[in-house]
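Asker: Mind looking over this structure? Questions follow.
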Amino acid sequence: MNFEINSERFKQLIIRWAVVLLPTIIIGYITLRFLNFSYTSLSTSIISQTFYFSLGLLAAYSLYYYGARWVVTFLLLWILYWLFEKIISRLPGEFDVFYTTARFQLYSTLFIFGWVFGFLLVRIKWAYIILFGILSIVTLVSISDTIDISLSYILLHIFPVVVYGLYMYFLSPILTERIDWDKKKSAKFLSRVVLFSLLVLLAFIVTESLLKGNVKAVEKELAARGAKGDKDGKNKNKDKDNYDDRDGLMDKTDDGYRLKDTMRVNSKMSQSDKLMFCGKLDNYFPDGSPAPLYFVYHYLTRYDPVKETFTRDVNVPSLDEISVDPTALPMYYSYTDTTMIRKSKGRKLRKIVEAQVYLSENTWKHSVLGPASVFSIQTIPVEKDFQKTFISGYKITSFTSELNNAYFVYNISASPKLEPLQEQRHNELRSVAGYNKIDKEFVDYYTKIPTGGIYDSISKLALSLTSKTAKPVDKVIAVRDFFLKRNENGKRIFRYTLKAGAVDDPNIPSSKMLYNFLFKTHAGYCTYYAGASLFMLRTLGVPTRFTTGFATINRSDKNKGWYWFYASQAHAWTQVYFPGYGWLDFDMTIGNEDQQGAPKPDGTPPLPPPEPWLVLNAKAESVDLITKSLITSFNQLIYFNNPAVLSRIFTRPIDATLCRVLYDKRDTTFAAIHPGDSLIIVSYKDEAKKIPQPRAGVPIEMQVEAFPSPIIADEIHIRVKEKEKKNEDAAKKASPLVEKKMTWQEIAWIVGKVIAGIILLLFLLPIFYLIYCLLRILLSRDVNAKADTIYHAALYRLHMAGLERETETPLEYAQHKVDPALSAGFEEFMRLYLRLKYSNGKLRDGDEAVINTFGKNIANAINKKYGFIKIAFNYFNLLKASHYFQSPQKSDYENQSL
Amino acid sequence: MTTSSAKLKSLTENIETIIRGKPQEIKYVVAAMLARGHILLEDNPGAGKTVLAKTLAQSISEGSADFQSTNGGVAFKRIQFTPDLLPMDLIGSHIFDEAKKDFVFKKGPLFTHVLLADEINRASPKVQSALLECMAENQISSGDTTFQLDPFFFTIATQNPIEMEGTYPLPAAQLDRFYMKISFGYVSEEVEFDIYTNYLAIGNGKSTVKQVLTYSDIIHLQQEAENVYVHPEIVKGIVRLVQSTRNHPEIALGSSTRGGITFIKCLKAWALVNQRDYVIEDDIRALAQPVLHHRLIFRNREASRTALQQLVDAEVNKLAKLGIQGKK
């Protein structure tokens, strides 16, 4: 070990600090900045992080520069650790110990990174390649975590690393030598670095502007990929289960599966077993056991005799379907349909049921799914751990009748225990004698059926079933019993099957199939039973509607009140109106006796979100990425579940250090927030926070004044900008085909175009170089420069014309190759040029004339000898051009000294 | 410049009238002489080495007073090296002078201007090293007296190819003393025909050699060769070349710094021989083989043929790609 302070060596070290370590510290600072946007660490002070990093870097670099080895390394690091242990043991509190340890871990990691970097920079000549690799990987990782990814964003992040790499690339050869602080040299060196960086930047910009459209498409695809997660894996699944939306109950859309708005009976039905959603229903029997309810999607109230389908009808008397798009609701905001509350029918035995619903991405998310008669909805976030399964969630509140329950609406109760309950329900409903007292228009609408042909025979059948009875509920039971009838052998006449039609022919009218179902085959799936009973009940004067939704199956008692809904649970049934009680579910579908699907296991229910004490609907005014804080302005808030609009706009700082940031319901990084974004800022009720309790009678503005400053945010939801959304929708409408096919072909096409562009550019490079040479000849002012440019241009043009210089010197080349072939006076020029280049003599008279004549002669001679066309072709020969720039043979044996 | 180039031209042309078909080799010999160095010719017997040396000596008149030659030119001595030759055969010895009753020094053949050391590798190493002292130091030590040689002392040594029997190959350290090592080789068919017809017809060639230069001309030309300008880029190129010989994996021993110095000296002389007062990249190419090759030890025969050439090609190419430096 040589620890003598040699002043010359020390000077060299100082120079290296300036030229190597300073840029490395700067790039370290930049990288740490980016990392801090993306990841939350205990200390957000980048300055101190950089400080420890540079400390390690400087220490290692200086030590190893003076030839330190492992002993020194070990001793020094051990002393540092020992010091830290001493400090820890003296700390008083447990929290302090934890805090210091955590900080020590972070800072020592950075220190060691700095140390390793320093070591590499001293010991390995090509260390900058390793550093460049590490830095670019770190940068890429921090970029990939961002959702609003764009080309400029990528460029902004990658650019410093690229510049650093180039800088070190230029620098590295001189590091092994003694560096003299020569002003002229360093200026030249610096200008080279700057020029090259500018060139890289230019290349980036040109690429971006040339391929802007394509890049946008790629970006969009990237964003879609980021948002949709492992889309490919799901696509494969889709291929596997052969769900066919032509004959299923659901349509496949871009936003997932949705139940059809119109339904007809088909010859067969497709099913799939994808998870659609899960829900928690706060509906229990008095003994505490869960009481499931069917989840309703839509009511199909009208029968279209022309198309022979059941359809939704907007002009229905007393619409009782909440019409709101949950995705349009900001997070934590609720929507309550007051007309639903006003017009709600049936107040007897009515209760209010609350439910939480979490939709998977398979589900159409623009309509409300919930127990019948939902009147209020509030959006809630999905817990982070469940975001892979569920993409959105909401709380709903609905009216339901005590008489409604998935157990007793079902045709035959699952358990004998429930039969008495079912009977109870029927007895309760027997109090309804008829529909004379209610609105005639309402009854007429819901009992309307076409007449003639098949419909008449259905009517006849229905009337024959119920000729003796008068009460509506008995009519319903009679229809039910019709489906439950057994033949003389005790076997059921009707059975459940997914393949209802004898012939798989979509052209058979559905009324005909319904007829076959009732009178001939006696086999069908839910739509058949629902459709047939609707006709029969309407014939009998009972107001009935066709309902689509999901059958609820209670799978286990493990998670009480939680239900999982799979695509195969998509269902259709009838609802019957009873004055005073409202619409009640009656499901006539027969259980599938042949095939009992194995019950699917329960999933893990998502944790309920914490209760927020404050939800702000705010606008970001300024964002500080370093301290992770922002200034916001707002005039709308939800304070302890009470929405309020403030009379003026408040501005408050927000502390988002440990905050979760979401965009379009997906986690993103804090860097995704830009000033001007509208945000939903959520703060949970938490013991540690000083939460001002609401005071009754005090104006809300006064209470807002008392809010802590800054407000500690737990969640920030970036609202999807309306403009973006519209653009997206417009794009979707404009090119539905492209949207669908934006798959591998599209991407391959774009990538192909990009590669083709690059290749074209590559092939044009030889010509660009020629143009560059010719321009330099025109622009060069003094004789030396002119001779120089003419010399290089001549060599290049001769090479491209096919007269390559091999290992001979230029003079030999001129004497033996060029002049015999072209006789353009190359040798004379060469002698003159060599004199200019290597002698210290002055320019002589006539030199300029020789140079000028040669410049003209050689151009003419080349064109004359080889022909313009042939040469032009040669310029596209990239290999040939590259040979010109190659230095021949084994020059790589040089510079191996270290 | 013009006078000296004319003189050099007449010298080379003069030698060319005797030695046919070898203009390049003649130039090498002249360049080595102007660089104040010595040259080693490696060839089979009968290629014209002796004739070359003699002709060179005879072309120069008016040697210094000490050693006048009998036939007009500067002093020329020839030593045929044999295994039993002793150092004193070269240097001379003290002989008892009966008249003076004292030992007087009888000068050996080394006291001359142009020395032809024939088949140097046949002599024992002892004799070889005696020759090398005077080549390097331009002086001769015998007993307690040291004799200075004339400033113009030029040795042309010849050696048989190493493979031949009865030879003591020169060690690398001694080879290093020779500025250049060239090989004559055989002449082409036409030249040989020309030699057989014309040279024989003339008869005894010695008498036809003209004296074209004087002793002082040579001293002057040597001075002039020293003043030839070497561009810094050329020097850098030579530094790179010398360094690369040390790092080449197939070269066991690279060139010494003395090798590099010698190279630059030879380049200057070579430029002068080619009527230039500055060195160009072609000179490096022309001289690398004769000046550097015998200083290197190669790992194998293949490398011996190609390695140096590759390095020189790379270096020359680098210089050729360079623009005019530092001139505005």
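So the sequence lines, in the order shown, correspond to chains A and B.
Taking my numbering, I'd label the letters of the first sequence as residues 101 to 998.
Taking my numbering, I'd label the letters of the second sequence as residues 16 to 343.
Note that CB positions come from ideal geometry on N, CA and C, so glycine has one too.
What three-state label does DSSP hand A:Trp464 in the structure shown?
Answerer: If DSSP states are grouped into helix, strand and coil, A:Trp464 belongs with coil.
Asker: Could you name each continuous alpha helix (DSSP H) segment of 4 residues or more that falls completely within the segment 119-198 of chain A, going from the start of the chain to the end?
Answerer: Correct list: 122-138, 146-165, 170-190.
Asker: Name the chain B residues whose beta carbon is nearer than 8 Å to that of A:Ala893?
Answerer: In chain order: nothing, as chain B lies at least about 12 Å away.
Asker: In chain A, which residues lie less than 9 Å from B:Tyr244 when you measure between Cβ atoms?
Answerer: Residues of chain A passing the Cβ test: Tyr938, Ser939, Asn940, Gly941.
Asker: In chain order, what residues of the segment 210-240 of chain A put their CB closer than 8 Å to some CB of chain B?
Answerer: Residues passing the 8 Å Cβ filter: none.
Asker: What's the gap between the Cα of A:Tyr164 and the Cα of B:Ala335?
Answerer: Their backbone Cα atoms lie some 40 Å apart in a straight line.
Asker: So, with DSSP's three-state summary, where would you put B:Asp133?
Answerer: Correct three-state label for B:Asp133: strand.
Asker: Taking A:Pro799 as the reference, give the member of A:Ser747, A:Gly776, A:Thr768 with the closest Cα.
Answerer: It is A:Ser747.
Asker: Mind checking whether A:Tyr152 and A:Phe217 have CB atoms under 8 Å apart?
Answerer: Result no, Cβ atoms of A:Tyr152 and A:Phe217 do not sit closer than 8 Å.
Asker: How is A:Gln986 classed by DSSP in three states: helix, strand or coil?
Answerer: Note: A:Gln986 maps to coil in three-state DSSP.
Asker: Less than 8 Å between the beta carbons of A:Thr648 and A:Pro392, yes or no?
Answerer: No, the Cβ-Cβ distance between A:Thr648 and A:Pro392 is not below 8 Å.
Asker: Is the distance from the Cβ of B:Val294 to the Cβ of B:Val257 below 8 Å?
Answerer: No, Cβ-Cβ distance for B:Val294 and B:Val257 is not below 8 Å.
Asker: Taking only beta carbons into account, state which residues of the segment 319-341 of chain B come closer than 7 Å to chain C, listed in chain order.
Answerer: The chain labelled as chain C is not found among the protein chains of the depicted structure, namely A and B.
Asker: Which residue or residues does DSSP assign as beta-bridge partners of B:Arg93?
Answerer: B:Leu131.
Asker: Below 8 Å, how does it come out for the segment 283-297 of chain B and the segment 168-177 of chain B: are there three or more Cβ pairs, yes or no?
Answerer: Counting Cβ pairs under 8 Å, fewer than three are found: no touch.
Asker: Would B:Leu337 pass as a contact of B:Glu241 if the rule is Cβ separation under 8 Å?
Answerer: No, these two residues do not count as a Cβ contact at 8 Å.
Asker: Bridge partners of B:Ile2, per DSSP?
Answerer: The first residue shown for chain B is 16 and the last is 343, placing residue 2 of chain B beyond what the model contains.
Asker: Taking A:Ile877 and A:Ala893 to be in contact with their CB atoms under 8 Å, please state how far apart those CB atoms are, rounded to whole angstroms.
Answerer: Contact holds; Cβ gap of about 6 Å.
Asker: A:Ile114: buried (16+ other C-beta within 10 angstroms of its C-beta) or exposed?
Answerer: When all chains shown are included, A:Ile114 counts as exposed.
Asker: Here's the rule I'm using: 16 or more other beta-carbon atoms within 10 Å means buried, otherwise exposed. How should B:Gln340 be labelled?
Answerer: It is exposed - the Cβ of B:Gln340 has fewer than 16 other Cβ atoms within 10 Å.
Asker: Indicate whether at least one CB of chain A lies closer than 8 Å to the CB of B:Asp117.
Answerer: It does not: the Cβ of B:Asp117 has no partner Cβ on chain A nearer than 8 Å.
Asker: Output yes if chain B places a C-beta closer than 8 Å to the C-beta of A:Arg897; else output no.
Answerer: So, not an interface residue.
Asker: Relative to the C-alpha of A:Leu565, which candidate in A:Pro920, A:Ile554, A:Arg580, A:Asp556 has its C-alpha closest?
Answerer: It is A:Arg580.
Asker: If you measure from the beta carbon of A:Arg325 to each beta carbon in chain B, is any gap under 8 Å?
Answerer: For A:Arg325, the predicted model reports a pLDDT of 47, less than 50, meaning its position is unreliable; a value from the coordinates is still stated below. Taking Cβ atoms only, chain B never reaches closer than 8 Å to A:Arg325, which makes this a no.
Asker: Taking 8 Å as the cut-off, does the segment 750-757 of chain A touch the segment 729-738 of chain A (at least 3 CB pairs, one atom from each stretch)?
Answerer: In short, these stretches touch, since the Cβ pair count reaches three.
Asker: Beta-carbon separation of A:Ile962 and A:Ala901 under 8 Å?
Answerer: In this structure, A:Ala901 lies closer than 8 Å to A:Ile962 by Cβ.
Asker: From what residue to what residue does the beta strand (DSSP E) around A:Leu400 run?
Answerer: From DSSP, the beta strand (DSSP E) with A:Leu400 extends over 395-400.
Asker: Can you find a CB in chain B that lies within less than 8 Å of the CB of A:Glu912?
Answerer: A:Glu912 counts as touching chain B.
Asker: Alpha carbon to alpha carbon, what distance is there between A:Ile146 and A:Ile258?
Answerer: Going by the C-alpha atoms only, they are around 19 Å apart.
Asker: Please tell me whether B:Glu296 has its Cβ less than 8 Å away from any Cβ of chain A.
Answerer: Judged by the 8 Å Cβ criterion, B:Glu296 is in contact with chain A.
Asker: State buried or exposed for A:Phe198, treating a residue as buried only when at least 16 other CB atoms are found within 10 Å of its CB.
Answerer: A:Phe198 comes out exposed.
Asker: Output the boundary residues of the alpha helix (DSSP H) element that contains B:Arg310.
Answerer: No alpha helix (DSSP H) contains B:Arg310, which DSSP labels as neither H nor E.
Asker: Just mark A:Gly682 as buried or exposed, buried being the case when its beta carbon has 16 or more other beta carbons within 10 Å.
Answerer: When all chains shown are included, A:Gly682 counts as buried.
Asker: Taking only beta-carbon positions, decide if A:Asn884 is within less than 8 Å of chain B.
Answerer: Chain B, which has a Cβ nearer than 8 Å to the Cβ of A:Asn884, makes this yes.
Asker: Using 8 Å as the threshold, is the segment 104-113 of chain B in touch with the segment 137-149 of chain B, meaning 3 or more CB pairs across them?
Answerer: Touching, per the Cβ criterion.
Asker: Could you give the DSSP three-state label for B:Gln154: helix, strand or coil?
Answerer: In this structure, B:Gln154 counts as strand in the three-state DSSP scheme.
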